Amino acid sequence: AVCEEFAVFAGQTSGLVFYCADDPQLVALFAGSERTVSFGFSPSSNYCVESLKGDAGFGLWHRGACLGEYRIRLTGEKNFLNTAAAAAFLHYNGFEAEDIATALGSFSGVGRRQQILFDNGCFRVVDDYGHHPREIEATLSAVKQGGNRVLAAFQPHRYTRTQHLLKDFAGCFADANRV
């Protein structure tokens with residue numbers, strides 16, 4: 091049902107739809123359409139992301155050419171993909187790769203998404219509004235990078251969401267040392 095609604099929503103746009111080619115459901119909906127542009131780690135992406143070793147950044151490729159390396163202040167594959175989506179959109183619309191890298195490199199995120207509330211070099215307190223199991227899993231994975239010990243506190247936001255996704259919530263805290 092969600093995919094059908096997403097297809098209806100995308101069909102109402104007057105321009106292009108940018109989608110992540112790492113999601114098989116989105117690929118099934120949009121691959122091959124002239125009104126779409128894909129991005130992601132998938133080699134079939136129009137804008138292909140390649141993680142840089144040991145660095146908070148990634149390379150972005152378009153039609154076999156490297157557009158550059160993007161170093162961002164946020165960690166985790168989801169943040170790389172979000173940044174790649176913005177970079178792909180900007181590049182497609184005529185912005186220069188160097189200008190995109192400069193602008194995105196200065197972006198430190200939004201409130202309550204991996205927001206560092208405290209950091210004294212020994213302990214770090216991170217606030218994240220992730221309210222869906224996939225978001226929680228992605229955030230914990232990003233925070234866990236580098237071997238960090240993770241203590242997670244979870245506050246369900248809606249009873250119906252928690253009830254509907256209970257099995258997913260039960261498994262999404264695997265990267266936390268304690269919940």
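According to this note's numbering, the sequence shown is numbered sequentially starting from 91.
Note that beta-carbon positions come from the ideal geometry of N, C-alpha and C, so glycine has one too.
Keep in mind it's a predicted model, so treat the numbers as computed, not measured.
What are the boundary residues of the alpha helix (DSSP H) that residue i is part of?
i: Gln253; result: 249-254
i: Gln235; result: Looking at the DSSP string, Gln235 is not in any alpha helix (DSSP H), and its letter there is neither H nor E.
i: Thr192; result: 187-195
i: Val117; result: 114-120
i: Leu150; result: No alpha helix (DSSP H) contains Leu150, which is instead part of the beta strand (DSSP E) from 147-152.
i: Glu167; result: 167-182
Can residue i and residue j be called in contact, C-beta distance under 8 Å?
i: Leu230; j: Asp217; result: no
i: Ser128; j: Ala111; result: yes
i: His221; j: His181; result: no
i: Gly199; j: Arg161; result: no
i: Val107; j: Ala100; result: yes
i: Leu241; j: Asn210; result: no
i: Gly166; j: Ala264; result: no
i: Gln204; j: Leu164; result: yes
In terms of residues, what are the limits of the beta strand (DSSP E) holding residue i?
i: Val92; result: No beta strand (DSSP E) holds Val92; the alpha helix (DSSP H) holding it covers 92-101.
i: Ser132; result: Here Ser132 belongs to no beta strand (DSSP E), and DSSP marks it neither H nor E.
i: Val200; result: Here Val200 belongs to no beta strand (DSSP E), and DSSP marks it neither H nor E.
i: Gly105; result: From DSSP, Gly105 is part of no beta strand (DSSP E); its letter is neither H nor E.
i: Gly158; result: 155-161
For residue i, which beta-bridge partners are listed by DSSP?
i: Val215; result: Phe208
i: Ser141; result: Phe148
Determine the direct distance from the alpha carbon of residue j to that of residue i, and round the result to whole angstroms.
i: Ala187; j: Gly154; result: 15 Å
i: Phe131; j: Ser141; result: 8 Å
i: Cys156; j: Tyr249; result: 46 Å
i: Leu119; j: Cys212; result: 46 Å
i: Ala178; j: Asn136; result: 9 Å
i: Tyr109; j: Ala175; result: 8 Å
i: Lys168; j: Gln253; result: 25 Å
i: Gly184; j: Val117; result: 25 Å
Please identify the residue among the options whose C-alpha is closest to the C-alpha of residue i.
i: Ala243; options: Gly166, Leu255, Phe259, Asn136; result: Phe259
i: Lys257; options: Ala100, Ala266, Arg224, Gly237; result: Arg224
i: Arg125; options: Ile190, Ala193, Gln102; result: Gln102
i: Asn238; options: Arg214, Lys143, Tyr219; result: Arg214
Hey, does residue i have any beta-carbon neighbour from chain B nearer than 8 Å?
i: Asp218; result: No chain B appears in this structure, which consists of one protein chain only.
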